[in-house]
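These notes concern the structure reproduced below.
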Ligand SMILES: [Zn+2]
Ligand SMILES: [Zn+2]
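Structural data, given as structure tokens:
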């Protein structure tokens, strides 16, 4: 018999990391947003910077979705920092961006030299302090260096960041629960992607079980990483509900509770309390 909660429609859902203004959605972005709204989404954190953030927010609002706009230079592009820096500074000073990201280190693909990745990561962490914005962290095969840099940064930040005042999220977290707890100590939320649903993954279910829902986010990273049963197809924000249902089964908690907590966490991190929403 089918689990009853799987047939329930969710509400108050947030996709904490996706790229819906990327070219993969050029032909059907309106339908993608409509499906997100039908699936219960109220907020999407959008990582892209080619289109005016106010226009993007307006378009999402027509579907009842709050868009969080994030700008930053990905570690893959660190080698081009000199050409990209000016545009980033213009975007940040215009004031329409809600966070800096995704920034970090990627030693898996190594598309920029490591020393440049580190420098560009640190420069953008400094910008986050200067603009008082939260950060969205990308770290792949670089756990030790990413953690060390974030630890140093959290200590020299002018405000006392920490578990009670979050300053960022570790997107697509796929390391072990011990590291997740160390990041939470520094003031980060842990974001779970569709990777959690893949059967060859060892650590993420343990992370889901051990970390309290008030420190978790859920994300698609659309168009990538579609969760089971959609693995291998183009991902989109509506499918974050499959990851929520997976977490709900693991933690033995109602899906709606996972949706409510993760949305509340996202609103707190991105300081969206002033935006209309179903939150208590
Ligand atoms: Zn990433
Ligand atoms: Zn991403």
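Residue numbers (our numbering): 389 to 668. Glycine residues also receive a C-beta, built at the ideal position from the N, C-alpha and C atoms.
CA-CA distance, residue 649 and residue 498? Stepping through the chain shown from its first residue, residue 649 is reached at position 261. Stepping through the chain shown from its first residue, residue 498 is reached at position 110. Cα to Cα, residue 649 sits roughly 35 angstroms from residue 498.
Every unbroken alpha helix (DSSP H) within the stretch 613-637, with a cutoff of 4 residues, ordered by chain: none
Between the Cα of residue 429 and those of 612, 634, 456 and 399, spot the shortest distance and give me the residue it belongs to. Within the chain shown, residue 429 is the residue found at index 41, counting from 1. Measuring from the Cα of residue 429, the nearest candidate turns out to be 399.
Would you report the Cα separation of residue 519 and residue 505, rounded to the nearest angstrom? Along the chain shown, read from residue 1 onward, the residue named residue 519 stands at position 131. Along the chain shown, read from residue 1 onward, the residue named residue 505 stands at position 117. Distance between the alpha carbons of residue 519 and residue 505 is about 21 angstroms.
Do you know whose CA, among 462, 456, 639 and 631, lies nearest residue 511's CA? By one-based count along the chain shown, residue 511 stands at place 123. Minimum Cα distance to residue 511 is reached at 462.
If I measure Cβ to Cβ from residue 496 and keep anything under 7 angstroms in the same chain, skipping five residues before and after, which residues do I get? In the chain shown, the residue the question calls residue 496 occupies position 108. These residues qualify, in order along the chain: 528 and 529.
Cα-Cα separation between residue 651 and residue 601, rounded to whole angstroms: For the purposes of this step, residue 651 is identified with residue 263 of the chain shown, where counting begins at 1. For the purposes of this step, residue 601 is identified with residue 213 of the chain shown, where counting begins at 1. Going by the C-alpha atoms only, they are around 10 angstroms apart.
Own chain, CB closer than 7 angstroms to residue 674, minus 5 neighbours either side, in chain order: The chain is shown from 389 up to 668; residue 674 falls before or after that span and cannot be answered.
Where the alpha helix (DSSP H) through residue 651 begins and ends: Taking the first residue of the chain shown as position 1, residue 651 is located at position 263. Element bounds for residue 651: 643-657.
Answer with buried or exposed for residue 582, where buried requires no fewer than 16 other C-beta atoms within 10 angstroms of its C-beta. Reading the chain shown from its first residue, position 194 is the one you call residue 582. Buried.
Where does residue 418 sit, in a helix, a strand or coil, going by DSSP? Position 30 of the chain shown, counted from the start, is the residue given in the question as residue 418. Reduced to three states, the DSSP call for residue 418 is helix.
Check residue 542 in the structure and name its three-state DSSP category. Counting from 1 along the chain shown, the entry for residue 542 is found at position 154. Correct three-state label for residue 542: helix.
DSSP beta-bridge partners of residue 562: On the chain shown, position 174 is the one that residue 562 refers to. Bridge partners of residue 562: none, in fact.
Exposed or buried, which one is residue 444 when buried takes at least 16 other CB atoms within 10 Å? Numbered from its first residue, the chain shown carries residue 444 at position 56. With 16 or more Cβ atoms within 10 Å of its Cβ, residue 444 is classed as buried.
I believe residue 404 touches residue 433 by the beta-carbon criterion, under 8 angstroms. Please report the beta-carbon distance rounded to the nearest angstrom. Stepping through the chain shown from its first residue, residue 404 is reached at position 16. Stepping through the chain shown from its first residue, residue 433 is reached at position 45. Sure, about 5 angstroms apart at Cβ, within 8 angstroms.
Assuming residue 431 and residue 456 make a contact with CB atoms under 8 angstroms, what is their CB distance in whole Å? For the purposes of this step, residue 431 is taken as residue 43 along the chain shown, with counting starting at 1. For the purposes of this step, residue 456 is taken as residue 68 along the chain shown, with counting starting at 1. That belief holds up - the Cβ atoms of residue 431 and residue 456 are roughly 7 angstroms apart, short of 8 angstroms.
Give me the Cβ distance between residue 607 and residue 560, rounded to the nearest whole Å; I'm assuming they're in contact under 8 angstroms. Translated into positions along the chain shown, residue 607 becomes position 219. Translated into positions along the chain shown, residue 560 becomes position 172. Contact between residue 607 and residue 560 holds, with the beta-carbon distance rounding to 7 angstroms and staying under 8 angstroms.
Kindly indicate which residue of 479, 418 and 531 has the alpha-carbon position closest to the one of residue 566. Position 178 of the chain shown, counting from 1, holds the residue named residue 566. For the residues 479, 418 and 531, the minimum Cα distance to residue 566 belongs to 531.
With C-beta atoms as the reference, is residue 619 less than 8 angstroms away from residue 658? As a first step, residue 619 must be located in the chain shown, where it is residue number 231. As a first step, residue 658 must be located in the chain shown, where it is residue number 270. No, the pair does not count as a contact, with Cβ atoms beyond the cut-off.
According to DSSP, which residues form a beta bridge with residue 526? Here residue 526 corresponds to residue number 138 of the chain shown, with the count starting at 1. Its beta-bridge partners are 492.
Close beta carbons around residue 598, own chain, < 6 angstroms, minus the five adjacent residues each side: Walking along the chain shown from the start, residue 598 turns up at place 210. Cβ neighbours of residue 598 beyond the five flanking positions: 565.
Just checking my contact of residue 421 with residue 448 at CB under 8 angstroms: how many whole Å lie between their CB atoms? Locating residue 421 in the chain shown gives position 33, where the first residue counts as 1. Locating residue 448 in the chain shown gives position 60, where the first residue counts as 1. About 6 angstroms; that satisfies the 8 angstroms criterion.
Can residue 577 and residue 653 be called in contact, C-beta distance under 8 angstroms? Locating residue 577 in the chain shown gives position 189, counting from the first residue. Locating residue 653 in the chain shown gives position 265, counting from the first residue. In this structure, residue 653 lies closer than 8 angstroms to residue 577 by Cβ.
Between residue 509 and residue 491, is the Cβ-Cβ spacing less than 8 angstroms? What you label residue 509 is simply residue 121 of the chain shown in a count that begins at 1. What you label residue 491 is simply residue 103 of the chain shown in a count that begins at 1. Going by C-beta atoms, residue 509 is nearer than 8 angstroms to residue 491.
Tell me the DSSP bridge mates of residue 671? The requested residue 671 is not part of the displayed model; the chain covers only 389 to 668.
Got a sec: does ligand 1 put a non-hydrogen atom nearer than 7 angstroms to the Cβ of residue 560? Numbered from 1 along the chain shown, position 172 holds the residue referred to as residue 560. The answer is yes for residue 560.
Chain-order list of residues whose beta-carbon lies under 7 angstroms from that of residue 425 (same chain, five-residue window excluded): As a first step, residue 425 must be located in the chain shown, where it is residue number 37. Only 451, 452 and 453 meet the Cβ criterion.
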